[in-house]
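See structure below.
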Amino acid sequence: MRRRTAIAAAALPLLLTAVACGTAQKTATGASPAATPAGTAAASGSAPAPSAAASLTGPLGDAKNIKVDGSAGTMPKVTFPTGNPDLTSSARVIAPGDGNAAKEGDTLVANVSVYTWDGKENKTVGSAYDKGTPEFVPVNQNLPKALHDGLVGLKPGGRVLVVIAKDSLDQAMMDNARQQGTDFGVTSQVLVIDVVSAAARAAVGNATDPGIEGVKLVNPGGETPPELTTKTAAQPPKDLVVKTVIKGDGPKVKETQTVMVHYTGKIWGTDKEFDSSWKRGEATQFQLGQVVKGWSQGLTGVAVGSRVVITIPPELGYGKEGQAEAGIKGTDTLVFVVDVLGAV
């Protein structure tokens, strides 16, 4: 059973991995279902060693002359101007879309295509269209400013082109990117982002009692986090238990998908809280195939938009070893309340 994992590191572009383990990949320092130490998602052992800072000579191409053909929702065709890359960050809306505009704190479901603008090959780094599935892109201040500003106000069906250059990065980010093979001293990164939808911020609806002896749940409603209590003398269930307290109307989660969730985790009997995305103020994403079995089994088949309570016996959680840094013993039963906000 894999208990620790880098969360969807390859799902976001190179720059976002280098800049923001802090975007969709932010993880807890405690025992989240798939926690990872900060920075482990960033670089591989085969990455080239940092080199001396390079500089450009000759004329610069203008980012305004980058041409994007094709309609939003299809793989874009990007044509770059002649000359060296523009080393100034910028954003340009190609199509605004329709519906509710993205705002601070939203998590967008989007197809992201990434290009290295070096003025020579201008290679495609990767695209969600090649993978056949979109990804989660949180809209928050951890993003480079040009990317953040380009996403705010964009609507479903919209498309934005973003140039990320060295003026968006500090030295540590520059060094991190260089270790992965991208030198922002002489290149920029270009993103074409097609917004599909926005993930929910919370499960919404009339809540029912989970009906688990020893577990209490208060559901204030709206975006206010639920209050989970596990202080009890009752014996924990021996098997995995999943109770839906708010039933969502979205598609059912598949075991191969990545889910965007808010959650709180506590230890049965003690009411000890060992992790909470609500407390951190940001929803988290997990690939179900890379988390503790209680989560992967418990969330598979749950409708997006639901709130569920899951009790996980030790063998489906952190096993006999437990998770010492979070105060979880090998005999502890874990209890989670989870809002399933999206799945891709």
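Numbering (mature numbering (1 follows the signal peptide of the UniProt record, and there is no 0)), first residue to last: -20 to -1, 1 to 324. No residue lacks a Cβ here, since even glycine has one placed at the ideal position from N, Cα and C. Given the structure is predicted, the values throughout are model-derived calculations rather than measurements.
First through last residue of the alpha helix (DSSP H) which encompasses residue i
i: K223; result: Element bounds for K223: not the alpha helix (DSSP H) but the beta strand (DSSP E), 221 to 226.
i: N156; result: 151 to 159
i: S257; result: 257 to 260
i: K273; result: 273 to 279
i: D129; result: 125 to 131
Assumed close pair residue i, residue j - CB separation to whole angstroms, cut-off 8 Å
i: Y95; j: T104; result: 6 Å
i: V175; j: K135; result: 7 Å
i: V142; j: G133; result: Not quite, the Cβ-Cβ distance comes to about 13 Å (not below 8 Å), so this is no contact.
i: G307; j: G299; result: Contact doesn't hold; Cβ gap of about 16 Å is too wide.
i: L36; j: V166; result: 5 Å
i: V241; j: T280; result: Going by Cβ atoms, the distance from V241 to T280 rounds to 13 Å, so no, they are not a contact pair.
i: I192; j: V221; result: 6 Å
Cβ neighbours of residue i in the same chain (closer than 8 Å, five flanking residues each side left out)
i: D147; result: L67, T68, S69
i: A178; result: N80, A82, D86, T87, L88, V89, P136
i: residue 363; result: The structure shown does not extend to residue 363, since the chain is modelled only from -20 through 324, so no value can be given for it.
i: K100; result: none
i: residue 325; result: Absent from the model: residue 325. The displayed extent of the chain is -20 to 324, so no value can be given.
i: G38; result: G63, N64
Beta-carbon contacts of residue i that lie in its chain and below 6 Å, excluding the five residues immediately before and after
i: Y243; result: S257, F316, V318
i: A52; result: A75, G137, R139, D174
i: N45; result: P61
i: W275; result: P13
i: R181; result: E203
i: S93; result: P56, S107, V172
i: V170; result: Y95, W97, V143
i: D49; result: K57
i: S31; result: The pLDDT assigned to S31 is 44, lower than 50, so where the model puts this residue is not dependable; a value taken from the coordinates is nonetheless given after this. The answer is none, since no qualifying residue turns up.
i: D78; result: K135, G137
i: T9; result: Here T9 scores only 32 on pLDDT, less than 50, and its place in the model is too uncertain to base an answer on.
i: residue 342; result: Limits of the chain in this structure are -20 at one end and 324 at the other, which puts residue 342 out of reach.
Cβ neighbour criterion (16 or more within 10 Å) applied to residue i
i: N120; result: buried
i: E305; result: exposed
i: E84; result: exposed
i: D255; result: buried
i: T236; result: exposed
i: T204; result: exposed
i: N199; result: buried
i: G297; result: buried
i: A71; result: buried
i: Q151; result: exposed
i: G278; result: buried
i: G25; result: Low local confidence applies: a pLDDT of 38 at G25 is under 50, so the model's placement there is unreliable, with the coordinate-based value given in what follows. Exposed.
i: T264; result: buried
i: residue 377; result: With the chain represented from -20 up to 324, any question about residue 377 goes unanswered, as that position is not in the structure.
i: P118; result: buried
i: A126; result: buried
i: A214; result: exposed
i: G322; result: buried
Contacting residues, own chain, Cβ-Cβ under 7 Å from residue i (five flanking each side not counted)
i: F164; result: A145, K146, L149, M154, A157
i: G228; result: A183, A283, V284, G285, S286, V320
i: T313; result: P216, W248, T291, I292, P293, P294
i: T212; result: G194, G249
i: V324; result: V89, T113, P114, E115, F116, Q237, T238
i: P124; result: V(-2), S69, I144, S148
i: K252; result: K246, G307
i: S168; result: P65, D66, L67, W97, V143, I144, A145
i: residue 393; result: Here the chain has residues from -20 to 324 only, and residue 393 is not among them.
i: T301; result: Note that residue 301 corresponds to Glu in the displayed sequence, not to Thr. So the qualifying residues of the chain are G310.
Minimum Cβ-Cβ distance from residue i to chain C less than 7 Å
i: S51; result: Here chain C cannot be found, since the structure has a single protein chain.
Where the beta strand (DSSP E) through residue i begins and ends
i: K246; result: 238 to 247
i: D251; result: Neither: D251 is in no beta strand (DSSP E) and is coded neither H nor E.
i: D49; result: 47 to 49
i: F116; result: 115 to 118
i: L197; result: 196 to 198
i: G322; result: 314 to 323
i: Q267; result: 264 to 267
i: S148; result: Segment: none, S148 is in no beta strand (DSSP E) and carries neither H nor E.
i: E193; result: Taken as a continuous stretch (DSSP letters only), E193 belongs to no beta strand (DSSP E), as it is neither H nor E.
i: A178; result: 168 to 178
i: R287; result: 287 to 292
i: T209; result: 207 to 209
Check: residue i C-beta below 6 Å from any heavy atom of the ligand NAP
i: I226; result: Of the ligands one can find in the structure shown there are none, so the ligand NAP has no counterpart to examine.
Continuous beta strand (DSSP E) assignments of at least 3 residues falling wholly in the stretch 60 to 112: 70 to 75, 87 to 97, 104 to 107
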